[in-house]
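Numbering (our numbering), first residue to last: 195 to 634.
Glycine included, C-beta positions come from ideal geometry on N, C-alpha and C.
I have placed the structure first, in the form of structure tokens, so that the comments after it can refer back to it.
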């Protein structure tokens with residue numbers, strides 16, 4: 195391209211020297227950054243990986259940008275070297291030298307030949323042009339833009355690869371240990387839900403690691419409002435979910451291991467509880483016969499026999515223990531322990547219900563004797579009227595069968611008579627108890 199003249203006023207020597215110093219510093223900084231990008235571990239991994247998805251698309255664009263960066267940098271280097279050569283011709287540059295330097299330093303003096311990279315680069319004015327001209331300042335700005343986008347892609351991929359695969363591998367190792375432990379206690383796929391969960395977690399982690407390695411950018415959450423390269427964090431949603439699922443399985447396996455350790459003692463306790471329930475039911479049946487023989491006109495609940503299904507399940511639990519089927523024994527023991535406690539409670543309630551009439555009779559007997567003792571303390575034990583009512587109530591309570599309703603009324607009449615005597619004013623001896631017989 196022809197040059198029509200320097201852009202704007204011709205720079206003086208001081209302006210030229212300051213511009214060369216600034217451009218030289220920028221050149222050194224850009225070169226350092228490009229070399230660091232070239233040696234970046236993330237870039238080397240991207241070059242050697244079999245990429246897929248969004249990472250494959252972005253890396254193709256980033257590679258073109260990096261190639262274009264070096265093309266721009268080489269052109270920038272040549273232009274800066276040419277300007278330095280002109281300035282070094284003589285100590286005091288001539289006006290022609292200053293005009294040429296002004297064109298080089300301020301004008302669109304850098305021509306970049308068109309390549310496949312430049313033709314597809316989004317930062318160029320139009321695609322398919324044979325060459326493009328830039329000022330050194332514009333070229334620096336474009337290199338900074340390309341460097342920032344390329345570095346962002348490289349840093350992002352490297353951050354995901356640095357974070358997720360190692361964590362997935364650690365979780366996979368823990369998964370294998372859990373699988374071996376689960377196998378030792380009989381927790382296997384198709385036989386126990388925890389075994390199915392382990393199988394699913396294994397497949398998920400395998401697929402996750404493959405996806406992370408081939409398409410790391412698909413697992414990146416960009417920070418809102420951040421424009422810095424690599425601003426964001428790896429997306430660990432799937433990993434965290436599977437880690438929680440594995441922890442749930444581990445707790446279940448631990449529960450099964452606890453069953454293996456405590457199974458014998460728990461079976462002994464179960465047999466003891468069911469035995470106590472059976473004895474209580476037997477006592478209730480015996481008490482029912484006694485109630486039917488000794489108590490008249492009362493409803494006595496029927497006492498059921500011990501449930502055979504619990505004994506059958508207990509035998510099944512013992513069989514599971516003998517064959518080390520801990521994953522089957524664990525839920526069965528938990529169910530049996532609750533059912534056994536419920537059965538013992540039912541037996542106790544049955545005994546209480548059956549013996550209720552005997553308890554009522556005992557309470558009436560105790561109340562009758564208590565009032566007799568109270569009457570005796572007040573010197574009324576020999577009162578014929580009270581003796582008559584006491585004897586009537588006692589005959590009813592100590593005879594078989596005992597009618598509790600009638601006996602209760604007799605005890606109440608004795609109480610009432612005793613209460614009247616105890617609260618009535620004392621009268622002379624001749625107006626004693628003989629005068630109250632007609633009250634009956």
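Counted within 10 angstroms of its Cβ, other Cβ atoms place residue i as buried (16 or more) or exposed
{"i": "residue 404", "result": "exposed"}
{"i": "residue 524", "result": "buried"}
{"i": "residue 537", "result": "buried"}
{"i": "residue 397", "result": "exposed"}
{"i": "residue 611", "result": "buried"}
{"i": "residue 595", "result": "exposed"}
{"i": "residue 448", "result": "exposed"}
{"i": "residue 387", "result": "exposed"}
{"i": "residue 284", "result": "exposed"}
{"i": "residue 286", "result": "exposed"}
{"i": "residue 200", "result": "In this prediction, residue 200 has a pLDDT of 48, which is less than 50 and means its spatial position is unreliable; what the coordinates show is noted afterwards. Label assigned to residue 200: buried."}
{"i": "residue 458", "result": "exposed"}
{"i": "residue 495", "result": "exposed"}
{"i": "residue 253", "result": "buried"}
{"i": "residue 578", "result": "exposed"}
{"i": "residue 391", "result": "buried"}
{"i": "residue 223", "result": "exposed"}
{"i": "residue 402", "result": "buried"}
{"i": "residue 346", "result": "buried"}
Close Cβ partners of residue i (< 7 Å) along its chain, the five nearest in sequence each way excluded
{"i": "residue 574", "result": "580, 615"}
{"i": "residue 212", "result": "none"}
{"i": "residue 221", "result": "270, 271, 274"}
{"i": "residue 425", "result": "416, 417"}
{"i": "residue 497", "result": "475, 478, 479, 482, 544, 548"}
{"i": "residue 522", "result": "514"}
{"i": "residue 278", "result": "214"}
{"i": "residue 244", "result": "408"}
{"i": "residue 429", "result": "413, 414, 415"}
{"i": "residue 472", "result": "500"}
N-terminal and C-terminal residue of the alpha helix (DSSP H) that residue i is part of
{"i": "residue 413", "result": "It is not in any alpha helix (DSSP H) - residue 413 carries neither H nor E in the DSSP assignment."}
{"i": "residue 326", "result": "Where residue 326 is concerned, there is no enclosing alpha helix (DSSP H), although the beta strand (DSSP E) it sits in stretches over 325-328."}
{"i": "residue 613", "result": "598-617"}
{"i": "residue 578", "result": "578-591"}
{"i": "residue 503", "result": "502-516"}
{"i": "residue 289", "result": "289-300"}
Extent of the continuous beta strand (DSSP E) to which residue i belongs
{"i": "residue 307", "result": "304-307"}
{"i": "residue 521", "result": "Note, residue 521: premise wrong, no beta strand (DSSP E); alpha helix (DSSP H) at 520-548."}
Residue i vs residue j beta-carbon contact at 8 Å
{"i": "residue 644", "j": "residue 440", "result": "Here the chain covers residues 195 to 634 and nothing more, so residue 644 does not appear."}
{"i": "residue 327", "j": "residue 302", "result": "yes"}
{"i": "residue 299", "j": "residue 210", "result": "yes"}
{"i": "residue 508", "j": "residue 468", "result": "yes"}
{"i": "residue 166", "j": "residue 511", "result": "The first residue shown for the chain is 195 and the last is 634, placing residue 166 beyond what the model contains."}
{"i": "residue 504", "j": "residue 533", "result": "yes"}
{"i": "residue 406", "j": "residue 354", "result": "yes"}
{"i": "residue 263", "j": "residue 228", "result": "yes"}
{"i": "residue 551", "j": "residue 591", "result": "no"}
{"i": "residue 389", "j": "residue 379", "result": "no"}
{"i": "residue 464", "j": "residue 365", "result": "no"}
Cut-off 6 Å between Cβ atoms - residues of its own chain near residue i, not counting five sequence neighbours on either side
{"i": "residue 409", "result": "246, 247, 249"}
{"i": "residue 526", "result": "511"}
{"i": "residue 520", "result": "379, 380, 450, 453, 454"}
Proximal residues to residue i (C-beta, below 8 Å), its chain only, five neighbours per side dropped
{"i": "residue 561", "result": "605, 609"}
{"i": "residue 205", "result": "213, 292, 295, 296, 299, 300"}
{"i": "residue 280", "result": "287, 291, 294, 295, 298"}
- request: With a floor of 3 residues, list each beta strand (DSSP E) that falls wholly inside the region 413-473, ordered by position along the chain.
  value: 414-416, 426-428
message: Which complete alpha helix (DSSP H) runs does the region 216-260 hold, if anything under 4 residues is left out?
response: 235-242
message: At 4 residues or longer, what runs of the alpha helix (DSSP H) sit wholly inside the region 342-415?
response: Residue ranges of uninterrupted alpha helix (DSSP H) with 4 or more members, entirely inside the region 342-415 and ordered along the chain, are 387-408.
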